[in-house]
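Undergrad:
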Amino acid sequence: LRWSAGDGWHAGEVLPHAPIAMDPAMVGLHYGQVVFEGLKAYHQPDGSVAAFRPEDHARRFRRSAARLAMPELPEELFLESLAALVDVDRAWVPAADTRSLYLRPILYATDASLALRPAREYRYLLLALVTENFFGAGSPPVSVWAGTGYSRAARGGTGEAKCAGNYAGGFLAQAEAAEHGCQQVVWLDAAEHRLVEEMGGMNIFFVVDGALVTPPLSGTLLPGVTRESVLTLAARAGLAVREQPVPLADVLAGCADGTITEAFACGTAAVVTPIGRVVTEEGEWRVGDGATGPVTGRLRAHLVDLHLGRAPDPDGWRYRLAGP
Ligand code: PMP
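Residues in the sequence shown are numbered from 41 upward in steps of one, following the UniProt record's numbering.
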C-alpha cells in the first residue's frame, strides 16, 4: 500500500519477495521515519489459519506511526493485508510447532528530501517469514545482562513506539551481554539506571512471593501484546498480579534471599522464555534454582495452547485469516 498527502491510502497488491527501489535521499533511510510490527499466524485444528491478537498489533502500529508523525494505517487495511498475504498460500504457515509464520508489517517514509520534516509519501509493506522458534518449550533458561553503560529509551522519547530507530542503539549492549555470557540485555531506566524496564525485544516478569510482578508502562517501554496476554491469563488463573516499579537492587536481593523464585521474558518471538541468571557489573545471581519454574511453565503452555487453538479463547484473541 502507498500513502501520499492529499490522496491518502492507495490500493495494495501482493508481490513476490524482491528488492525494493528507493531514492538515495529517502527520508526513512536518513531520519528513521520507520515503524513496524511483528505478529504470528498459526494453523488451527479445524484447518483454518488464525493470527494472534492482530487488532492489538494494528492499534499499536497506529500509535507508533502517530508518535513518528506518520499517517495511521486503518485497522481494516492492516487486517485485510494479513488475510490477503496468508490467502496467497496458506501452506506458508508451518505445520511443525518448532517454526512459525512471522508477519512483519512495516511503514516507511519514501519522500526524497533531506529537509528535517515529516515526509509526504509513505509505503506500507507486509512481509511473511517462516522463522524458527528460537526459544522452544524445552529450551534452557537464558542469562540476562543488566549493564549501566547504555540506555534504550528516555522519557519523552520513542521507547513506547515500535520504530526502527529503537533497535540499533541496543546492538552494542547486546555484544556486551554476550561478552558476559548472556543471551539477552535487560534495559534499566535511562535517568538513573535503577529500575528494570524491559528487554531487547521482550517484556520482563518476576514471580515474587508467589505474585507475578512486571514493570508498569511508564512511557519508556514497549506495551507488549504478550505482556498484556500474560497479565490477563495470570489474573484469571488466580495469581496475584502487580504492575509496579522493579528496582534492579530488589531483583538481586530477591534472587539472593529466595523471595524471587522465577523470572521470564515474553514477546511475540520468544513467547514465554525463562530467565535463569542475572549478571551485572557487580556479579551474578541465580533466579530460583536456575531451571524453568512452574508459573513460567504453565503460562507458556497456556499461551501456546491459545495460539494453536487447543485452549478456549474467551477474549477472542484468535483472529481467523483464512478458512479451512
Ligand atoms: N519490547 C520490545 C522492545 C519489543 O521489540 C517487543 C517485541 N515486539 C516486545 C517488548 C514484546 O512485544 P510483543 O509481546 O507485542 O511482541
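All C-beta atoms, glycine included, are put in the ideal place defined by N, C-alpha and C.
Is the beta carbon of Ala280 less than 8 Å from the beta carbon of Leu257?
TA: no
Undergrad: Tell me the residue span of the alpha helix (DSSP H) that contains Leu117.
TA: Leu117: member of the alpha helix (DSSP H) spanning 115-128, first to last residue.
Undergrad: Would you call the region 114-130 and the region 155-170 in contact, with 3 or more CB pairs under 8 Å?
TA: yes
Undergrad: Taking the alpha-carbon positions, what's the Gly78 to Asp137 distance?
TA: For Gly78 and Asp137, the gap between their C-alpha atoms comes out near 18 Å.
Undergrad: Would you tell me roughly how many angstroms separate the C-alpha atoms of Gly328 and His233, rounded to the nearest one?
TA: 24 Å
Undergrad: Where does Ile60 land, buried or exposed, given buried means 16+ other C-beta within 10 angstroms?
TA: exposed
Undergrad: Tell me whether Ala91 sits in a helix, a strand or coil according to DSSP, three-state version.
TA: strand
Undergrad: Excluding the 5 residues preceding and the 5 following Ser88 in the sequence, name in chain order all residues of the same chain whose CB lies nearer than 7 Å to its CB.
TA: Arg360, Ala362, Gly363, Pro364
Undergrad: Classify residue 370 as helix, strand or coil using the three-state DSSP reduction.
TA: Here the chain covers residues 41 to 364 and nothing more, so residue 370 does not appear.
Undergrad: Within 10 angstroms of the Cβ of Pro156, are there 16 or more other Cβ atoms? Answer buried if so, exposed if not.
TA: It should be noted that the sequence gives Leu, not Pro, for residue 156. Exposed.
Undergrad: Beta carbon of Ala90, beta carbon of Ala98: below 8 Å?
TA: no
Undergrad: Taking only the alpha-carbon atoms, compute the straight-line gap between Pro64 and Gly307 and give it to the nearest angstrom.
TA: 34 Å
Undergrad: On the CB-based measure, 16 or more other CB atoms within 10 Å of its CB, does Thr188 come out buried or exposed?
TA: exposed
Undergrad: Please list, in chain order, all residues of the same chain as Ala296 whose beta carbon is under 8 Å from its beta carbon, the five residues on each side excluded.
TA: Taking C-beta separations shorter than 8 Å and ignoring five residues to either side along the sequence, the partners of Ala296 in its chain run Trp325, following chain order.
Undergrad: Is any heavy atom of the ligand PMP found at a distance shorter than 7 Å from the C-beta of Val265?
TA: yes
Undergrad: At a cut-off of 7 Å, is Met242 close to the ligand PMP when judged by its beta-carbon and the heavy atoms of the ligand?
TA: yes
Undergrad: Is the CB-CB distance between Pro285 and Leu228 below 8 Å?
TA: no
Undergrad: Leaving aside the five residues before and after Asn173 along the sequence, list all residues of the same chain whose C-beta is less than 7 Å from its C-beta, in chain order.
TA: So the list reads Thr138, Arg139, Ser140, once near-sequence residues are dropped.
Undergrad: Since Val336 is in the alpha helix (DSSP H), which residue starts that stretch and which ends it?
TA: In the sequence as displayed, the identity of residue 336 is Thr instead of Val. That run of the alpha helix (DSSP H) goes 334-347.
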